[in-house]
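A.B. asks: Order-wise, the sequence lines are chains A, B and C. Here UniProt numbering is used: position 113 in the first sequence is 113, and no number is missing along the way. Here UniProt numbering is used: position 300 in the second sequence is 300, and no number is missing along the way. Here UniProt numbering is used: position 129 in the third sequence is 129, and no number is missing along the way. We treat Cβ as the ideally placed atom computed from N, Cα and C, and that holds for glycine. As the structure is a computational prediction, the values presented were derived from the model and not from experiment. Dropping a structure here in structure tokens format, bear with me for questions.
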Amino acid sequence: MLRFALRRLLIMIPIAVIVTFLVYAMVFALPGDPIRALSGQKPLAESVIAAKRAYYHLNDPLFVQYLHFMGNLLKGDLGQTFDGQDIGEQLALRWPVTLQLGLTALAIQLVLGLVSGVYAGWRRDGLVDRALLGATLGVLAVPGLVAMFFAQSFFAVELSWFPVSGATDGWPGSYLLPATVLGVLGFAGLARVTRTSIAEVASADFVRTARAKGLAPNRILWGHVLRNAMLPVITYIGLDLAGILGGAIITEGIYNLNGIGQFMFRSIAMKEGGVVVTLSTVLLLGYMLVNLVVDLLYGLLDPRVRHV
Amino acid sequence: MSDTALATAATAAELEPVGEDSPRGAAVLRELLRKPRFVLSALAILVIALMAAFPRLFTATDPTVCDLKLSKGAPSAAHWFGYDIQGCDYYANVIYGARPSVLVSVSVCVVGFAVACVLGMLAGYFPGFVDSLVSRTADVLFALPGLVAMIVILQAFSSRSVWTIAFVIVLLGWPAGMRLMRSTVLSVRTREYVLASRALGAGAQHILRVHILPNSVAPLLAMTTLTVGAAVGTEAALTFLGIGLQPPTISWGLQIAIAASYRDDVHLFLFPALLLTITVMAFMITGDTVRDALDPKLKR
Amino acid sequence: MARTRRIVKAATGTALAVLLAGCSGAGSGDGAGKDDGHSMAIATAAEVPYLNPSNDNGTTGIQIESALWAPLTRVDAKTGKLVNVVADSVTSKDAKTWTIKIKPGWKFTNGEKLTAKSFVDTWNYTAYAPHAFANNGAFQRVEGYEDLNPAKGKPKATTLSGLKVVDDLTFTVTLKGAFSPYPTTLSYLGVAALSAETLKDPDQFKHKPIGYGAYKLDGGWKAGQPVRLMRNKDYAGKDAPQADHITFRFFSNPETAYNEFLAGNVDYVAVPSSKIDSYKTDAPGKWSQAKAAAGINYLNLPVTLKPYTDTRVRRALSLALDRDSLAKLKPGNFPATSFTAPSVDGHRENTCSDCRLDVARAKKLLREAGGFPGKLRLFFASDNPGEQVYAEALGNMWRQKLGLKIQYVGKPGAEIGPLANAGKLDGIRIMGWGHDYPALEDYLTPMFASYGDVNTGRYRDAKVDRMLGEANAQVDQAQATRDYQAIEDRIAEQMPVLPLSHSRDVYLHAEGVEPLNAPFANVDPVRSTFAD
Chain A
1 MLRFALRRLL IMIPIAVIVT FLVYAMVFAL PGDPIRALSG QKPLAESVIA
51 AKRAYYHLND PLFVQYLHFM GNLLKGDLGQ TFDGQDIGEQ LALRWPVTLQ
101 LGLTALAIQL VLGLVSGVYA GWRRDGLVDR ALLGATLGVL AVPGLVAMFF
151 AQSFFAVELS WFPVSGATDG WPGSYLLPAT VLGVLGFAGL ARVTRTSIAE
201 VASADFVRTA RAKGLAPNRI LWGHVLRNAM LPVITYIGLD LAGILGGAII
251 TEGIYNLNGI GQFMFRSIAM KEGGVVVTLS TVLLLGYMLV NLVVDLLYGL
301 LDPRVRHV
Chain B
1 MSDTALATAA TAAELEPVGE DSPRGAAVLR ELLRKPRFVL SALAILVIAL
51 MAAFPRLFTA TDPTVCDLKL SKGAPSAAHW FGYDIQGCDY YANVIYGARP
101 SVLVSVSVCV VGFAVACVLG MLAGYFPGFV DSLVSRTADV LFALPGLVAM
151 IVILQAFSSR SVWTIAFVIV LLGWPAGMRL MRSTVLSVRT REYVLASRAL
201 GAGAQHILRV HILPNSVAPL LAMTTLTVGA AVGTEAALTF LGIGLQPPTI
251 SWGLQIAIAA SYRDDVHLFL FPALLLTITV MAFMITGDTV RDALDPKLKR
Chain C
1 MARTRRIVKA ATGTALAVLL AGCSGAGSGD GAGKDDGHSM AIATAAEVPY
51 LNPSNDNGTT GIQIESALWA PLTRVDAKTG KLVNVVADSV TSKDAKTWTI
101 KIKPGWKFTN GEKLTAKSFV DTWNYTAYAP HAFANNGAFQ RVEGYEDLNP
151 AKGKPKATTL SGLKVVDDLT FTVTLKGAFS PYPTTLSYLG VAALSAETLK
201 DPDQFKHKPI GYGAYKLDGG WKAGQPVRLM RNKDYAGKDA PQADHITFRF
251 FSNPETAYNE FLAGNVDYVA VPSSKIDSYK TDAPGKWSQA KAAAGINYLN
301 LPVTLKPYTD TRVRRALSLA LDRDSLAKLK PGNFPATSFT APSVDGHREN
351 TCSDCRLDVA RAKKLLREAG GFPGKLRLFF ASDNPGEQVY AEALGNMWRQ
401 KLGLKIQYVG KPGAEIGPLA NAGKLDGIRI MGWGHDYPAL EDYLTPMFAS
451 YGDVNTGRYR DAKVDRMLGE ANAQVDQAQA TRDYQAIEDR IAEQMPVLPL
501 SHSRDVYLHA EGVEPLNAPF ANVDPVRSTF AD
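Written as structure tokens, this is what we have:
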């Protein structure tokens, strides 16, 4: 087990290096000229464009640019964006916002998804199951943008239960509304997977045997079914955790939270290779760690899954 | 744990191969047709498929006849869905919008499901090199910023169609499904009936097809039916990145995306969203009922 | 070649700087904190990374910087005539060598005196290519610019030979050629002065602006956070606005700001496109429309490519457009009938005789020209839903009224700009232009001169170039205006672009706060008046 974990941690290093180059090359291949796009459609003097291109090494071939970036990265210098912001400082300011938003949303999503999924799967065609089907369809029918704006105008503007936007109230006040919307929009997938997995296990013969033996239904659910149904569920949660940033992009924009999502989006539009690579690499490491934890959990939850 | 003991008891029954031949297939179909839920959702799929294939069956109006003066006109007896922003008949446009949306979402679902299913089985059943290769590739793909990857890849195509878009969505989307499939395979592969079958000399291919697949596919299937809707959303998002379908193509994704910016006119958003929801619902319920009917363990 | 310009994107809301002003407890002391007086929050659409007028050509940044600095001259909002602010006089005998005297008594917030040398040093610093300042191009008319900005190689000089300090408060500017609108160009904030302390190391002062405007920074500031300003007690100008405290807040989504207004946290907001049908009911009695339309939306044609080389084709395309219906797609838009903006001195309506709907005539012209072979390619910024809607509306009109085949080419906005600058657009592009300084010349030169910044259709008319040169050299302002108008008349005969509409922002404002809204200035929330 320890050797397994160690090996997985070690392999993260070469993969991360490959990904930094891959992402850097991809951003390089994006269309558009970041310097010309710097002020929207406002043209800069040609001499200024030339000076900026030289400063950011934009005239160099891809590989040279990449080495410049990696060299500075190893020195701990993340550099500047094309419009002159310090990348390290921005990341430090922005990570907490996205983490608070994402983790709050994830918590809400977990509670909603697990509770409704477990009961819907355990009592199929029961009330919870039907309600879940309805809620799933509702969530799928409404585009995120529409739901977010609706929640903002209704709960924040009409009812004044929450601040309309911004992070000035701190956690939880400023994050509750956006995180709830994000959590509700995302819970359907987790609920459906949980429901299916529970239903699958609930119809297995050992459960029927247990029932025949007269075990209390609750004991069967919590003692046997849940544990056996958890593998796909924790996998899905792992995927969700990694997907926090994706969900944050629109939410941060609408709720005016200065987080990583907005920064990433703008950086992609501006071809900020440095920012995109840094964020992608952090995400990759996070994702691989989460996956490793999930894989280790498999072994704990189900002793038959052994790691070689 | 007592689970293990209980599971052992079940092993003998489950050693029988399942879901093989036509007599059973016919029986399954007969059973399905008795369920009103299945009949309704299958009918809905049929109607949507007809709409995608032959939009003229549903409307005689040309969706490209537009008068900007009628922009955003409300629904009326003559124009059930009202007019869109361009002043075109919205009913005709929503009908004609079915084809690209259905093609993208169904092909993403089917191909995505197949890829995730096969790779997930391989990764879950063959630990070590195969698992590492598949899983680490998935890690890399998953960590790529999707936006960037999609732009870069789609740029490489000189002309973009439903198929190139579906291809890119599958290419970048399979890791999630693969992880899910792998997790269930991991727990099934050490079940007693698998071990027993292996002990009896069955080949890996046989075991995967007969034992592993039917017993581990359910969560992936549940996740896949949900992606019918998500694919339409992605299709629309790509359009606004300048790398998706473009006008004069008509699609639900485009309609919903445009309507999201003009939320004052509810009908613009309501009708395509309604049809999309019906489509998703139809696939979800059909998927559920078919799975139940095929599942050997549910036979009481 | 490029001079710094403000280009307004056509027909859409998102790219326009949406200015939203808020009032956190206007005047009456509720929530205004310890200070008495008027305090308000102005929210803007885009974040600014730093505050430095010499290195900023973004609408948002300039808006904030105009509170921290002051321009040399200003166009009076009510009359449209040029008045002096920091400048005492701007004079010339030949429109080539200009003498600028500044008023005495102005001080930077760090105590430095504002002198002629401040301006000359700042301008030299900005014009020096290796410094890569955004407003470098504002000095391209000054003699010696090429020495600091060579096409290739290292600059030959570090100072502009055309700039001379005469005394503490006087300096002269020698231009490369006569240019009569020069005093008007000095109203651009990009030619304000930086303190000597800042010029030593501008990077140190990115977030600590040292200006001489009506306001100064209140406390510290980091990029991404709101900018808080307080009244600068040492302000030497006579035109200080009423507000004592101003906070600029950043909203990346204009609808979020709109909702903040409805919640009562913000009391000035521009109406986003998506609210075109509901703002009147959302805020009854609280909406107004800008009086000034400081820009023009138009279609750029690739006039060097067939069939656009034929004037009849260009006129036919114009005559097939229903501009009234098109204008209704955006709040506050109204159809254009000429090539300049209504808010500049000398503007005339109806100079474009083909800017009306006449399908019969359009068909006739197109027939005479031999029809439109192949597909008409229509470029639009795909990342902007408003522009996509607009493009489809245009395409539908040409398709249905003239029977043309349309090919829509949606590309991300960041990709279209460079393509256009490189002259690689082989189709029609939706564009907008808003002046840097309110002058007819600032429409005619950039759009129609062969060297024009936004003349991406490559329209070339030697006579237009010559007439521009003559009008620029005309010292008599009234005659110069007539000369510019004659150029517009010549352009109207050729239709190298198709004017579409002018935009006037529609905005909401709370009771008690009245933003400056006059025919010759965009709505300016900084210069709000308060009811009590």
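By alpha-carbon positions, which one of A:G214, A:E200 and A:I237 ends up nearest to V225 (chain A)?
C.D. replies: On the first sequence, position 225 is the one that residue 225 (chain A) refers to. Cα-wise, what sits closest to V225 (chain A) is A:E200.
A.B. asks: Using a beta-carbon distance below 8 Å, is residue 305 (chain B) in contact with chain C?
C.D. replies: Since the displayed chain B opens at 1 and closes at 300, residue 305 (chain B) lies outside it and no answer follows.
A.B. asks: For a test of the three-state rule: what should DSSP assign to Y268 (chain C), helix, strand or coil?
C.D. replies: Working through the third sequence from its first residue, we reach residue 268 (chain C) at position 268. Note: Y268 (chain C) maps to strand in three-state DSSP.
A.B. asks: For residue 310 (chain A), return the contacting residues in chain C, with the cut-off set at a CB-CB distance below 7 Å.
C.D. replies: The structure shown has nothing for residue 310 (chain A), since chain A only spans 1 to 308.
A.B. asks: Give me the DSSP bridge partner(s) of Y507 (chain C).
C.D. replies: For the purposes of this step, residue 507 (chain C) is taken as the residue at position 507 of the third sequence. Answer by DSSP bridge pairing, in chain order: C:A270 and C:S288.
A.B. asks: Determine which residues of the region 60 to 88 of chain A have a Cβ less than 7 Å from any Cβ of chain C, and write them out in chain order.
C.D. replies: D83, G84 and Q85
A.B. asks: Going by alpha carbons, who is nearest to S174 (chain A) out of A:G259, A:H68 and A:Y56?
C.D. replies: Residue numbering aside, residue 174 (chain A) sits at position 174 when the first sequence is read from its first letter. Minimum Cα distance to S174 (chain A) is reached at A:G259.
A.B. asks: Taking just the CA atoms, how far does Y125 (chain C) sit from A192 (chain C)?
C.D. replies: The count along the third sequence starts at 1 and reaches residue 192 (chain C) at position 192. The count along the third sequence starts at 1 and reaches residue 125 (chain C) at position 125. Distance between the alpha carbons of A192 (chain C) and Y125 (chain C): 12 Å.
A.B. asks: Indicate the three-state DSSP secondary structure (helix, strand or coil) for C117 (chain B) in the structure shown.
C.D. replies: Indexing the second sequence from 1 puts residue 117 (chain B) at position 117. If DSSP states are grouped into helix, strand and coil, C117 (chain B) belongs with the helices.
A.B. asks: According to the Cβ coordinates, are D213 (chain C) and N232 (chain C) closer than 8 Å?
C.D. replies: Along the third sequence, read from residue 1 onward, the residue named residue 213 (chain C) stands at position 213. Along the third sequence, read from residue 1 onward, the residue named residue 232 (chain C) stands at position 232. The residue asked about is misnamed: residue 213 (chain C) is Gly in this sequence, not Asp. Against a cut-off of 8 Å, the Cβ pair of N232 (chain C) and G213 (chain C) comes out as a contact.
A.B. asks: My understanding is that A156 (chain A) touches N259 (chain C), with C-beta atoms under 8 Å, so please give their C-beta distance in whole angstroms.
C.D. replies: As a position in the first sequence, residue 156 (chain A) is number 156, starting the count at 1. As a position in the third sequence, residue 259 (chain C) is number 259, starting the count at 1. Between the beta-carbon of A156 (chain A) and that of N259 (chain C) there is about 7 Å, and that keeps the pair under the 8 Å contact cut.
A.B. asks: Take the Cβ of P36 (chain B) as the centre, count every other Cβ of all protein chains shown within 10 Å, and call the residue buried at 16 or more, exposed below.
C.D. replies: As a working note, residue 36 (chain B) is residue 36 in the second sequence. When all chains shown are included, P36 (chain B) counts as exposed.
A.B. asks: Out of C:T99, C:V475, C:V75 and C:G105, which has the shortest C-alpha to C-alpha gap to Y235 (chain C)?
C.D. replies: Looking up residue 235 (chain C) in the third sequence gives position 235. Out of C:T99, C:V475, C:V75 and C:G105, C:G105 has the C-alpha closest to the C-alpha of Y235 (chain C).
A.B. asks: Quick one: residues in its chain with C-beta nearer than 6 Å to the C-beta of G410 (chain C), no 5 flanking neighbours on either side, listed in chain order?
C.D. replies: Here residue 410 (chain C) corresponds to residue number 410 of the third sequence, with the count starting at 1. The residues are F380 and S382.
A.B. asks: Cβ atoms of T59 (chain B) and A92 (chain B): under 8 Å apart, would you say?
C.D. replies: Along the second sequence, one-based indexing puts residue 92 (chain B) at 92. Along the second sequence, one-based indexing puts residue 59 (chain B) at 59. In contact: A92 (chain B) and T59 (chain B) (Cβ atoms closer than 8 Å).
A.B. asks: Can the beta-carbon of A179 (chain A) be found less than 8 Å from the beta-carbon of L257 (chain A)?
C.D. replies: Along the first sequence, read from residue 1 onward, the residue named residue 179 (chain A) stands at position 179. Along the first sequence, read from residue 1 onward, the residue named residue 257 (chain A) stands at position 257. Their beta carbons are not under 8 Å apart, which means A179 (chain A) does not touch L257 (chain A) by this criterion.
A.B. asks: For F530 (chain C), does the count of other Cβ atoms within 10 angstroms reach 16, so buried, or fall short, so exposed?
C.D. replies: Translated into the one-based positions of the third sequence, residue 530 (chain C) becomes position 530. F530 (chain C) comes out buried.
A.B. asks: If you measure between the beta carbons of F250 (chain C) and P226 (chain C), is that distance less than 8 Å?
C.D. replies: Translated into positions along the third sequence, residue 250 (chain C) becomes position 250. Translated into positions along the third sequence, residue 226 (chain C) becomes position 226. Yes, these two residues count as a Cβ contact at 8 Å.
A.B. asks: Note down the Cα distance separating Q65 (chain A) from E47 (chain C), rounded to an integer number of angstroms.
C.D. replies: In the first sequence, residue 65 (chain A) corresponds to position 65, counting from 1. In the third sequence, residue 47 (chain C) corresponds to position 47, counting from 1. Roughly 27 Å separates the two Cα atoms.
A.B. asks: Within 10 Å of its beta-carbon, does N350 (chain C) have 16 or more other beta-carbons around it, so buried, or fewer, so exposed?
C.D. replies: The residue given as residue 350 (chain C) occupies position 350 in the third sequence. Burial call: exposed.
A.B. asks: Given that a residue counts as buried once 16 or more other Cβ atoms are within 10 Å of its Cβ, and exposed if not, what is M270 (chain A)?
C.D. replies: Counting from one through the first sequence, the residue named residue 270 (chain A) turns up at place 270. That one is buried.
A.B. asks: Let's test the definition: count the other Cβ atoms within 10 Å of the Cβ of G287 (chain B) and tell me whether it reaches 16, buried, or not, exposed.
C.D. replies: Sequence index remark: in the second sequence, residue 287 (chain B) carries index 287 (1-based). Flag for G287 (chain B) reads buried.
A.B. asks: In chain order, what residues of the same chain lie with their CB nearer than 8 Å to the CB of P155 (chain C), ignoring the 5 residues before and after it?
C.D. replies: Walking along the third sequence from the start, residue 155 (chain C) turns up at place 155. Hits under 8 Å: Y128, A129, P130, D147, L148 and N149.
A.B. asks: Can you give me the C-alpha to C-alpha distance between T174 (chain C) and W98 (chain C), rounded to a whole angstrom?
C.D. replies: For the purposes of this step, residue 174 (chain C) is identified with residue 174 of the third sequence, where counting begins at 1. For the purposes of this step, residue 98 (chain C) is identified with residue 98 of the third sequence, where counting begins at 1. Taking the straight line joining both Cα atoms gives about 6 Å.
A.B. asks: Spatial neighbours of E488 (chain C) within its chain, please: CB distance less than 6 Å, with the 5 preceding and 5 following residues excluded, ordered by chain position.
C.D. replies: The count along the third sequence starts at 1 and reaches residue 488 (chain C) at position 488. The answer, listed in chain order, is F339 and T351.
A.B. asks: DSSP on P104 (chain C), reduced to helix/strand/coil?
C.D. replies: The residue you call residue 104 (chain C) lines up with position 104 of the third sequence. In the three-state scheme derived from DSSP, where H, G and I count as helix and E and B as strand, P104 (chain C) is classed as coil.
A.B. asks: Hey, would you say I268 (chain A) sits closer than 8 Å to V148 (chain B), going by beta carbons?
C.D. replies: For the purposes of this step, residue 268 (chain A) is taken as residue 268 along the first sequence, with counting starting at 1. For the purposes of this step, residue 148 (chain B) is taken as residue 148 along the second sequence, with counting starting at 1. A contact, by the Cβ cut-off of 8 Å.
A.B. asks: Would you mind reading off the limits of the alpha helix (DSSP H) that contains R263 (chain B)?
C.D. replies: Residue 263 (chain B) sits at position 263 when you count from the first residue of the second sequence. Counting along the chain, R263 (chain B) falls outside any alpha helix (DSSP H), and DSSP gives it neither H nor E.
A.B. asks: From V130 (chain B) to R198 (chain B), what distance separates their C-alpha atoms?
C.D. replies: Position 130 of the second sequence holds residue 130 (chain B). Position 198 of the second sequence holds residue 198 (chain B). Spanning the two alpha carbons is a distance of roughly 19 Å.
A.B. asks: A5 (chain A) to I13 (chain A), Cα distance in whole Å?
C.D. replies: In the first sequence, residue 5 (chain A) corresponds to position 5, counting from 1. In the first sequence, residue 13 (chain A) corresponds to position 13, counting from 1. Answer to the nearest angstrom: the Cα atoms are 14 Å apart.
A.B. asks: The region 138 to 163 of chain A: which residues have C-beta closer than 9 Å to a C-beta of chain C, in chain order?
C.D. replies: F149, Q152, S153, A156, V157, E158, S160 and P163
A.B. asks: The beta strand (DSSP E) that contains Q485 (chain C), what's its start and end?
C.D. replies: Working through the third sequence from its first residue, we reach residue 485 (chain C) at position 485. No beta strand (DSSP E) holds Q485 (chain C); the alpha helix (DSSP H) holding it covers Q477 to Q494.
A.B. asks: When you compare the CB of F240 (chain B) with every CB in chain C, is at least one pair closer than 8 Å?
C.D. replies: As a position in the second sequence, residue 240 (chain B) is number 240, starting the count at 1. Yes, F240 (chain B) counts as interfacial toward chain C.
A.B. asks: Check whether the Cβ atoms of A67 (chain C) and Y215 (chain C) lie closer than 8 Å to each other.
C.D. replies: As a working mapping, residue 67 (chain C) is identified with position 67 in the third sequence. As a working mapping, residue 215 (chain C) is identified with position 215 in the third sequence. For A67 (chain C) and Y215 (chain C), yes; Cβs fall inside 8 Å.
A.B. asks: Could you say which of B:A222, B:Y193 and B:I258 lies nearest to L238 (chain B) if we only look at CA atoms?
C.D. replies: Taking the first residue of the second sequence as 1, we reach residue 238 (chain B) at position 238. With distances taken between Cα atoms, L238 (chain B) lies closest to B:I258.
A.B. asks: For my contact list, A260 (chain B) and F271 (chain B) are in at a C-beta cut-off of 8 Å; report their separation, rounded to the angstrom.
C.D. replies: Looking up residue 260 (chain B) in the second sequence gives position 260. Looking up residue 271 (chain B) in the second sequence gives position 271. The pair is not a contact, with the Cβ atoms about 14 Å apart (cut-off 8 Å).
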